[in-house]
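Quick note on the numbering used here: the sequence shown kicks off at 4 and runs consecutively.
All residues carry an ideal CB built from backbone N, CA and C; glycine is no exception.
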Amino acid sequence: ALLLAACVFGGTPYKMAGASWDAPAGSKPPRTSLPMPPIEPAHKTAADAATPRGAWTQLDGRRAGLEDLRGQVVILDFWATYCAPCREEIPHLVRLQREFGPQGFKVIGLNVGGQEDRPRIPDFVKQYGIQYQLAEPDDETVRLFLASNGNIPQTFVLDRRGKIILHIVGYDGDAAAQLDEAVRDALSEKAD
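Next comes the structure, spelled out in structure tokens:
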């Protein structure tokens with residue numbers, strides 16, 4: 004139901020070179036000439052969700068990844084400047100980072116808009132007051148996280164152990180409440 008609601012409230016198709024990502028949510032994974040590793044379904048719980056790998060290049064050129072964030076609660080948000088639901092979600096992510104950052108929480112915005120989107124990012128950051136980390140994900144990270152659905156935004160909440168505890172496609176008021184609850188719950192738990 005969440006996936007259907009997210010599609011109704013708008014997810015923008017994401018395109019990657021060599022892949023077809025226009026399939027509606029809930030359909031078969033997109034066809035691609037690149038191998039796609041399996042992705043854990045969004046309905047799994049924290050106890051049985053696999054710890055994903057992921058890496059990216061930050062805007063300043065430095066490399067980073069999920070391994071660097073162990074012990075923190077993390078939101079990975081796949082977005083682009085042209086995506087209307089992404090633009091609706093970003094002020095909420097800015098607020099979450101400001102409110103919970105001092106408690107061991109990080110938002111990582113992973114731009115999947117491609118080369119044509121890169122020049123727009125600096126003005127976008129100013130317009131939305133983004134103070135969280137922005138980066139470009141590696142192709143492997145995109146395939147790992149977006150293999151089953153190419154719509155954006157897609158937002159993943161990971162607990163302090165690096166387990167996916169929430170996956171949302173699209174953005175609406177329900178998504179905002181779910182993000183708030185997942186972040187608060189994850190911050191209240193101790194890491195192993």
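Straight-line gap, residue i to residue j (C-alpha atoms, nearest Å)
i: G116; j: L190; result: 30 Å
i: T158; j: K193; result: 22 Å
i: A185; j: L96; result: 13 Å
i: R71; j: T144; result: Per the sequence presented here, residue 71 reads as Asp, with Arg not at that position. Computed Cα separation, rounded: 15 Å.
i: I168; j: Q118; result: 31 Å
i: L99; j: A87; result: 19 Å
i: V11; j: D80; result: At V11 the pLDDT is 36, less than 50, meaning the model places this residue with poor confidence and gives no usable figure here.
i: R56; j: L149; result: 13 Å
i: P125; j: D183; result: 27 Å
i: D51; j: D188; result: In this prediction, D51 has a pLDDT of 38, which is less than 50 and means its spatial position is unreliable; what the coordinates show is noted afterwards. Going from the Cα of D51 to the Cα of D188 covers about 17 Å.
i: R123; j: N114; result: 11 Å
i: R163; j: Q181; result: 18 Å
i: Y131; j: V110; result: 14 Å
i: R146; j: P105; result: 31 Å
i: P32; j: N154; result: No answer about P32 holds up, because its pLDDT of 34 lies below 50 and its placement is not dependable.
i: D63; j: E91; result: 25 Å
i: F103; j: F127; result: 22 Å
Element boundaries [beta strand (DSSP E), containing residue i]
i: R163; result: From DSSP, R163 is part of no beta strand (DSSP E); its letter is neither H nor E.
i: E102; result: Unbroken run through E102 is the alpha helix (DSSP H), A87 to F103; no beta strand (DSSP E).
Identity of the residue in the options nearest residue i by Cα
i: G173; options: K129, D183 and N152; result: N152
i: R73; options: E143, R90, L161 and F148; result: L161
i: Q134; options: E143, G112 and R90; result: G112
i: A179; options: V128, G57 and C89; result: C89
i: K121; options: F148, Y131, A138 and E91; result: Here the sequence assigns Arg to residue 121, which means Lys is not the residue at that position. Residue A138 is the option with its Cα nearest to R121.
i: K129; options: D141, E102, I93 and P140; result: I93
i: P156; options: G68, R163 and I171; result: I171
i: G107; options: A150, G57, L62 and I78; result: I78
i: G68; options: E91, P105 and Q136; result: Q136
Cβ-based burial, residue i [other Cβ within 10 Å; buried from 16]
i: G165; result: buried
i: T84; result: buried
i: Q75; result: buried
i: R101; result: exposed
i: G176; result: exposed
i: R66; result: exposed
Cβ distance (whole Å) where residue i is taken to contact residue j below 8 Å
i: D141; j: W59; result: 6 Å
The alpha helix (DSSP H) enclosing residue i, as first and last residue numbers
i: R146; result: D142 to L149
i: D188; result: G176 to S191
i: D80; result: Premise fails: D80 lies in the beta strand (DSSP E), V76 to W82, not in any alpha helix (DSSP H).
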